[in-house]
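**Student:** Chains as they are written, first to last, in the numbering used here: chain A, 1 to 321; chain B, 1001 to 1304.
By construction, the Cβ of each residue, glycine as well, lies at the ideal position given by its N, Cα and C atoms.
Since the structure is predicted, the reported quantities are computational estimates derived from the model, not experimental observations.
#1: Just confirm the distance between the C-beta atoms of residue 1032(B) and residue 1188(B), as a whole number of angstroms; I'd bet it's less than 8 Å.
#2: Looking at C-beta atoms only, is the number of pairs between the region 240 to 254 of chain A and the region 1097 to 1117 of chain B that lie closer than 8 Å three or more?
#3: May I ask you to report which of helix, strand or coil DSSP gives residue 1147(B)?
#4: Any C-beta of chain B sitting closer than 8 Å to the C-beta of residue 338(A)?
#5: Run through the DSSP bridge pairs and tell me what residue 1156(B) is partnered with.
#6: How big is the Cα-Cα spacing for residue 297(A) and residue 205(A)?
#7: Going by alpha carbons, who is nearest to residue 1255(B) out of 1167(B), 1284(B), 1020(B) and 1074(B)?
#8: Who are the Cβ neighbours of residue 46(A) in its own chain at under 7 Å, not counting the five residues just before and after it?
#9: Kindly indicate which three-state DSSP category residue 1292(B) falls into: helix, strand or coil?
#10: Please confirm if the region 249 to 265 of chain A is in contact with the region 282 to 302 of chain A, defined as three or more CB-CB distances below 8 Å between the two stretches.
#11: Does any residue of chain B have a CB that is nearer than 8 Å to the CB of residue 306(A)?
#12: Note down, in chain order, every chain A residue with its Cβ under 8 Å from the Cβ of residue 1248(B).
#13: Quick one: what does DSSP say residue 141(A) is sitting in, helix, strand or coil?
#14: What does the Cβ neighbour count give for residue 67(A), buried or exposed, with the cut at 16 atoms within 10 Å?
#15: Where residue 175(A) and residue 7(A) are concerned, what is the direct C-alpha to C-alpha distance, given to the nearest angstrom?
#16: Could you tell me which whole alpha helix (DSSP H) segments of length 4 or greater appear in the region 113 to 157 of chain A?
#17: Output needed for residue 1142(B): all residues of its chain with C-beta closer than 8 Å, excluding positions within five of it in sequence on either side, in chain order.
#18: Output needed in chain order: residues of the region 1107 to 1120 of chain B with a Cβ under 9 Å from some Cβ in chain A.
#19: Determine the contact status of residue 1049(B) and residue 1116(B), defining contact as a CB-CB distance below 8 Å.
#20: Note down the Cα distance separating residue 1135(B) from residue 1069(B), rounded to an integer number of angstroms.
#21: Could you check the C-alpha separation between residue 194(A) and residue 184(A) for me, to the nearest Å?
#22: Could you tell me whether the Cβ of residue 244(A) comes closer than 8 Å to any Cβ of chain B?
#23: Check whether the Cβ atoms of residue 1237(B) and residue 1054(B) sit closer than 8 Å, and answer yes or no.
#24: Is the region 145 to 158 of chain A touching the region 79 to 89 of chain A in the sense that three or more CB pairs, one from each, lie closer than 8 Å?
#25: Leaving aside the five residues before and after residue 1078(B) along the sequence, list all residues of the same chain whose C-beta is less than 7 Å from its C-beta, in chain order.
#26: Do the region 1025 to 1045 of chain B and the region 1259 to 1270 of chain B make contact, defined as three or more Cβ pairs closer than 8 Å?
#27: Could you tell me which chain A residues have their CB closer than 9 Å to the CB of residue 1288(B), listed as they occur along the chain?
#28: Assuming contact is defined by CB atoms lying nearer than 8 Å, are residue 156(A) and residue 33(A) in contact in what I supplied?
#29: Can you find a C-beta in chain A that's less than 8 Å from the C-beta of residue 1282(B)?
#30: Is there at least one Cβ from chain A nearer than 8 Å to residue 1049(B)'s Cβ?
#31: Per the contact definition of three or more C-beta pairs closer than 8 Å, is the region 118 to 133 of chain A in contact with the region 1280 to 1289 of chain B?
#32: Who are the neighbours of residue 99(A) on chain B, taking C-beta pairs under 9 Å?
#33: Note down the Cα distance separating residue 1037(B) from residue 1020(B), rounded to an integer number of angstroms.
#34: Answer yes or no: does any C-beta atom of chain B fall closer than 8 Å to that of residue 277(A)?
#35: Could you compute how far the alpha carbon of residue 1092(B) sits from the alpha carbon of residue 214(A)?
#36: Please list the partners that residue 284(A) has in chain B, where partner means a Cβ-to-Cβ separation under 9 Å.
The following block contains the structure:
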């Protein structure tokens, strides 16, 4: 019992103390890590637990970002109220988007599901690009500031930490619930679950909406820290980001994708500060992950980093079809 | 209100505009077909959605730029550019299939998507390193640069040439798929590759050749497009998005579907620009979304 509580307590203490060891720039990066950690974990609730590869998850991250930006810029709410409204509004609007997109997408499985979600993301991208009065078009929404009390980087860090922790907690509850176990069963054998009398499509849709809502929250957290929201957030190049983070960290564990997000964001900062060819570096990193460590960083941990013939390790539990 | 609409669509009564846009739409559709045919074939046989296909197209165009610059005679240079781009991309395709893709046929979908996605970034940046960030232009050979007069209208020759070239490739693909033993294997592989392998067909070689062919077609498409587009980084993005819409609308794995949908998307783009300026992209994706919702397998695709 003691050791079970020790690790989370240490982690919480470390995260609370973290900003005191960091410069303002790295506090900003820490917020980015938190947002993308929530984003990657929310994505992996679909992939790792439900076996659903969403290749359009950036849609919800983007919708959450735009919603937060609009709340701050257009709503005219007093700062304290705006702070309270932000997460709820972002989650609500992304959940609504996920409900519509999911309704059409969860009817298909496998690669077709991936393509449907991808197509819808591109549709939202074009809307973000063309609905200029609302979204600012090509230029996006810029000059955002967190409302009132959160304008200080340190305060915003703790806000982001609280939001991310709450999000991760809820998502963990979801995947540990009977619903979460049903999701895993659907991943393993959807047909059999259907024969048991369970509505597979409804479960997939529910998972999609929950996942989309928290991706939206992540987008909102990042949008206000970043100060800008651009249509590029929803462009096709953004589709791979949560997938890379989740796979890099390891899709077989709940927090693996969060670790993947942290490594990814820090690598991006370090590499893109030195060269303009960050995409090339990222491409090479992806190839290495896919070919040499398909179970991700947490997979390396589990199977022993030094074990020889890592590629001969059993494939991820999900069926490769 | 009606007057406004009539004004907005005044171009629809102008035969010159109609002819020009139809020609542009059909010829762009043919270029799209060269990419999407390969994309569709590769998905049908290898079951891999190749995100890097737009990048292969761009590399074809860039190789055409370099090869055309080598020869003093524009016509010979253009011919050499077509051959060089197709051959170069065929080689690159064979290398990608044997060195990378072959290792992940049994891996989960996300690994396959990530690998081809990584290739987009790698090839895109490699192109910037080799050819720089500026845009290149390829001169049309004088033979194809003029216009042909018919019905009192002038048709740009190069557009007609593109249509002829696309039709020739489509006919060649049809003959290959339906009149050769290799084509039978390809069609069989799109239906059941385990069965095909069990019957003693060397599916490894089949996969390599299909990917090589798809890459070569993309390279040829890029080289053919080089005189009518600005060849530079970013070319692959729009191309990939359009080709992706085409294979979804036409049906994954169906070459005929790719042909029909290419023409459709080409024409929608050409007339969308006039009817709804600035919204052509939305139109393409609107078409795609409607097809996905009403008929998810695509116009001519088979059920999963």
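**Tutor:** Working from what's here:
#1: Residue 1032(B) to residue 1188(B), Cβ: 27 Å. No contact.
#2: yes
#3: strand
#4: Outside the displayed range of chain A (1 to 321) lies residue 338(A), so it cannot be described from this structure.
#5: 1147(B)
#6: 29 Å
#7: Nearest C-alpha to residue 1255(B): 1167(B).
#8: Taking residue 46(A) as the centre and dropping the five residues before and after it, the same chain places the C-beta of 52, 54, 207, 208 and 211 closer than 7 Å to its C-beta, in chain order.
#9: Note: residue 1292(B) maps to helix in three-state DSSP.
#10: yes
#11: The pLDDT assigned to residue 306(A) is 44, lower than 50, so where the model puts this residue is not dependable; a value taken from the coordinates is nonetheless given after this. No - not a single Cβ of chain B is within 8 Å of the one on residue 306(A).
#12: 115 and 119
#13: Three-state result, residue 141(A): strand.
#14: buried
#15: For residue 175(A) and residue 7(A), the distance between alpha carbons rounds to 20 Å.
#16: 132 to 135
#17: 1074 and 1075
#18: Of all residues in the region 1107 to 1120 of chain B, 1107, 1108, 1109, 1110, 1111, 1112, 1113, 1114, 1115, 1117, 1118, 1119 and 1120 have a Cβ within less than 9 Å of some Cβ in chain A.
#19: A Cβ-Cβ contact shorter than 8 Å links residue 1049(B) with residue 1116(B).
#20: 14 Å
#21: 13 Å
#22: yes
#23: yes
#24: yes
#25: 1068 and 1141
#26: yes
#27: 119, 122 and 123
#28: No, they are not a contact pair.
#29: yes
#30: yes
#31: yes
#32: What residue 99(A) touches in chain B: nothing, since even the nearest Cβ is about 15 Å away.
#33: 25 Å
#34: yes
#35: 41 Å
#36: 1118, 1121 and 1122
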